[in-house]
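The sequence shown begins at 1 in our numbering and counts up one residue at a time.
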Amino acid sequence: MTDRDYPAEVDVAIVGSGPTGAAYARILSERAPGARVAMFEVGPTVSDPPGSHVKNIADPEARAEAQRRSEGRGATGGAAASPVEMAGRRARAGTYLLRDGFQLEGEDGIPALAFSSNVGGMAAHWTAACPRPGDSERIGFLPDLDELLDEGERLLGVTVDAFDGAPFAELVRQRLAAAVDAGRPAERRVQRMPLAVHRRADGALVWSGSDIVFGDVTRGNENFTLHDETLVTRVLLGDDGAAAGVEVRDMRDGSPDESHTVRARVVVVAADGLRTPQLLWASGVRPAALGRMLNDQPQVVFAARLRDVEPPAAAEGRAGALSETSGVSWVPFTDAEPFHGQVMQLDTSPVPLADDDPVIPGSIVGLGLFCAKDLQWDDRVEFSDAERDDYGMPAMRIHYRLTDRDRATLDRARAHIVELGAAVGEGLDEKPFTLPGGASLHYQGAVRMGAQDDGRSVCDPDSAVWGVPGLYVAGNGVIPTATACNPTLTAVGLAVRGARAIAAGLGAGAGVAR
Ligand SMILES: Cc1cc2nc3c(=O)[nH]c(=O)nc-3n(C[C@H](O)[C@H](O)[C@H](O)COP(=O)(O)OP(=O)(O)OC[C@H]3O[C@@H](n4cnc5c(N)ncnc54)[C@H](O)[C@@H]3O)c2cc1C
């Protein structure tokens with residue numbers, strides 16, 4: 001599927017191979033199979049099929065190498081394997097941190113702001129939790145949001161039963177439910193976490209990455225090409241102000257450092273929550289809302305232990321059911337309790353336990369609460385015309401502050417997570433741990449969608465950039481609401497809407513030179 005030769009001209013150029021870029025490729029392959037679609041990804045192909053999750057790589061050394069190759073050009077790559085290990089500015093495996101400009105004097109900043117650069121993007125490394133947004137997380141001006149989320153679930157291969165064999169998962173949910181379910185509508189009660197994970201016929205778990213989103217239809221589409229190790233440096237605009245193509249640079253070792261032009265009728269920028277606005281900025285597309293209303297979900301974690309349980313009989317768990325994240329439960333966000341709870345049973349404790357106190361697998365429960373941020377116009381990423389990042393793109397500076405309301409929400413989250421821990425069993429930590437800003441890995445808002453072109457948004461409900469025909473944006477940055485839930489399902493749903501609009505617009509002209 002990967003290709004070294006750059007085409008001179010395509011119908012659609014897609015920048016970035018994460019799940020939202022892949023969603024465009026998939027829907028276009030289904031709806032406009034005659035359209036020539038080229039995808040450009042700055043990082044290398046680290047897994048097979050391209051874009052697949054590195055957890056599916058059985059050999060630990062090969063997996064570690066795939067993670068390392070995803071960690072970009074800087075020297076700030078992944079050291080922490082889990083959020084619980086993140087004591088400070090540390091990156092998760094497969095990711096790397098923004099080197100400079102992450103925290104300005106007197107501001108909170110986003111110290112753990114991270115990226116992945118590889119085919120499949122962050123979704124080659126993600127936890128694959130795919131909850132639906134609820135209450136004020138939802139995008140009120142999209143009447144078709146639920147249908148888009150259905151489609152997102154189809155593309156990502158979301159299931160709820162992959163960990164049904166995990167010991168104590170039902171018990172954990174019963175205990176959480178007793179603590180929080182009263183007064184909640186059915187869909188907002190404690191339940192199994194929808195996960196982009198499925199079980200193969202032989203019982204092995206398969207974690208979805210962009211490979212699942214591409215699907216056979218994209219891999220089999222002879223009009224689709226994926227060009228890895230290729231940086232898009234600029235979206236080209238025509239004299240009419242419309243998108244006209246992309247300028248790309250071959251990043252392979254030893255390649256001549258020269259630019260190529262690929263003409264396109266439509267350009268989709270799906271280059272993550274920070275690098276999508278970066279590429280628009282580099283291309284001279286600089287609407288007032290670009291980079292603004294940036295938001296990341298403040299996060300607290302806590303660990304508890306089920307004390308009053310017996311080791312499960314061996315037959316109870318399905319083969320392979322026990323893994324680092326066996327049993328993932330969901331405490332949905334509500335406006336009344338504005339936290340998204342992700343509860344994962346662990347095989348080992350994140351905090352040291354006494355040697356003579358062996359852990360019953362599945363009895364350690366890691367609790368995480370993500371909070372919705374108070375959105376502010378001045379929380380933003382700025383780009384420099386003078387300074388460059390490790391890829392030669394405009395350097396980023398993050399302006400970011402927590403508000404009094406954010407601090408109050410965090411206080412409530414810390415109290416709530418201790419209550420949840422007590423409901424489940426016995427707290428293992430003295431107090432909850434507040435992760436450094438950015439640890440959520442969910443960066444939203446910087447190319448936000450709006451119902452009208454009122455200067456407060458970057459794109460319309462189809463993700464088309466206001467005032468630049470043929471230019472679309474994708475990813476978590478498009479989400480305009482203050483979500484607490486993991487955003488990828490929502491971002492993929494929004495990509496489905498945009499891709500359908502492109503397919504409809506290409507119509508009979510697809511595959512024919514302009
Ligand atoms: C450890 C971890 C756990 C996570 N867990 C969850 C979870 O449980 N649930 C959830 O919803 N989300 C989770 N996430 C976040 C999730 O992975 C992202 O939301 C998702 O991958 C975003 O998809 P995307 O396509 O918008 O961007 P990305 O996946 O980041 O992909 C963007 C791609 O664009 C490429 N790119 C950038 N600039 C350029 C350029 N100029 N030219 C060419 N290519 C470029 C990048 O290299 C990258 O590969 C997690 C992430 C990590 C790392």
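Using N, Cα and C, we set each Cβ at its ideal position, and we do this for glycine too.
**OP:** Out of Ser52, Gly43, Thr225, point me to the one whose CA is closest to Gly74's CA.
**Re:** Gly43
**OP:** Mind checking which residues open and close the alpha helix (DSSP H) that includes Leu494?
**Re:** 488 to 506
Original post:
Any heavy atom of ligand 1 closer than 6 Å to the Cβ of His125?
Top reply: yes
Subject >> Run of the alpha helix (DSSP H) containing Ser384, from where it starts to where it stops >> reply: Segment 380 to 388 is the beta strand (DSSP E) holding Ser384; no alpha helix (DSSP H) there.
Original post:
What residue ranges within the segment 235 to 311 form continuous beta strand (DSSP E) runs of no fewer than 3 residues, ordered along the chain?
Top reply: 243 to 250, 259 to 269, 299 to 305
Original post:
Counting only runs that start and end within the segment 415 to 476, where is the beta strand (DSSP E) found for 3 or more residues in a row?
Top reply: 471 to 473
Original post:
In chain order, which continuous runs of the beta strand (DSSP E) of length 3 or greater are located wholly inside the segment 20 to 85?
Top reply: 37 to 40
Original post:
For Arg292, which residues from the same chain have a beta carbon less than 6 Å from its beta carbon, with the 5 sequence-adjacent residues on both sides left out?
Top reply: Trp377, Arg380
**OP:** With DSSP as the reference, label Glu316 as helix, strand or coil.
**Re:** With a pLDDT of only 47 at Glu316, under 50, the local geometry of the prediction cannot be trusted, and the value read off the model is given with reservation. Three-state DSSP puts Glu316 in a helix.
**OP:** Compare the Cα-Cα distances from Asp515 to each of Pro194, Leu176, Leu113 and report the closest residue.
**Re:** There is simply no residue 515 to check, as the chain begins at 1 and stops at 514 in what is shown.
Original post:
Are at least three pairs of beta-carbons, each pair with one atom in the segment 119 to 127 and one in the segment 459 to 474, less than 8 Å apart?
Top reply: no
Original post:
Do His340 and Ala484 have their C-beta atoms closer together than 7 Å?
Top reply: yes
Original post:
Given Met449, which residues of its chain have a CB within under 8 Å of its CB, disregarding the five upstream and five downstream residues?
Top reply: Ile139, Ser457, Val458, Cys459, Asp460, Pro461, Ser463, Val478, Ile479, Pro480, Leu494
Subject >> Rounded straight-line distance, which links the Cα of Gly327 to that of Thr434 >> reply: 23 Å
**OP:** Taking Pro111 as the reference, give the member of Arg497, Ala439, Val473 with the closest Cα.
**Re:** Ala439
Subject >> Contact between the segment 98 to 118 and the segment 174 to 191 (3+ Cβ pairs under 8 Å) >> reply: no
Subject >> Where Gln174 falls: helix, strand or coil (DSSP) >> reply: helix
Original post:
Do the segment 360 to 370 and the segment 275 to 282 meet, that is, are 3 or more Cβ pairs less than 8 Å apart?
Top reply: no
Original post:
Just curious, the alpha helix (DSSP H) that Val206 is in, first and last residue?
Top reply: Note, Val206: premise wrong, no alpha helix (DSSP H); beta strand (DSSP E) at 205 to 207.
**OP:** Compare the beta carbon distance of Asn56 and Val268 with 7 Å and say whether it is the shorter of the two.
**Re:** no
**OP:** Please report the Cβ distance between Arg252 and Leu231, rounded to the nearest whole angstrom; I am assuming they are in contact, meaning their Cβ atoms lie under 8 Å.
**Re:** Rounded, the Cβ-Cβ distance is 11 Å, inconsistent with contact.
Subject >> Backbone secondary structure at Ala13 - three-state DSSP >> reply: strand
**OP:** State buried or exposed for Phe141, treating a residue as buried only when at least 16 other CB atoms are found within 10 Å of its CB.
**Re:** exposed
Original post:
Taking only runs of the beta strand (DSSP E) that begin and end inside the segment 78 to 132, which ones reach a length of at least 3 residues, in chain order?
Top reply: none
Subject >> Stretch pair the segment 282 to 290 + the segment 223 to 243: three plus CB contacts closer than 8 Å >> reply: yes
**OP:** Between the Cα of Pro33 and those of Val12, Asp308, Pro50, Gln444, spot the shortest distance and give me the residue it belongs to.
**Re:** Val12
Original post:
Exposed or buried, which one is Glu337 when buried takes at least 16 other CB atoms within 10 Å?
Top reply: buried
Original post:
Are any of the Cβ atoms in chain C nearer than 7 Å to that of Asn223?
Top reply: No chain C is part of this structure, which consists of one protein chain only.
Original post:
Using a Cβ-Cβ cut-off of 7 Å (strictly less than) and excluding sequence neighbours within five positions of Pro519, which residues of its own chain qualify?
Top reply: Outside the displayed range of the chain (1 to 514) lies residue 519, so it cannot be described from this structure.
Original post:
For Ile515, which residues from the same chain have a beta carbon less than 7 Å from its beta carbon, with the 5 sequence-adjacent residues on both sides left out?
Top reply: Given a span of 1 to 514 for the chain in the structure shown, any question on residue 515 remains unanswerable.
Original post:
Cα separation between Met393 and Ala288?
Top reply: 20 Å
Subject >> Exposed unless 16 or more other CB atoms sit within 10 angstroms - verdict on Asp228 >> reply: buried
Subject >> Thr230 in three-state terms, based on DSSP >> reply: strand
**OP:** Pull up the CB-CB distance for Ala516 and Phe333, whole angstroms please, since I reckon it's below 8 Å.
**Re:** Residue 516 is absent from the structure shown; the chain starts at 1 and stops at 514.
Original post:
Gly516 and Ser117: beta carbons closer than 7 Å?
Top reply: Since the first and last residues shown for the chain are 1 and 514, residue 516 lies out of range.
Original post:
Which residue's Cα is closest to the Cα of Gly165: Ala91, Gly203, Ala128, Asp389?
Top reply: Gly203
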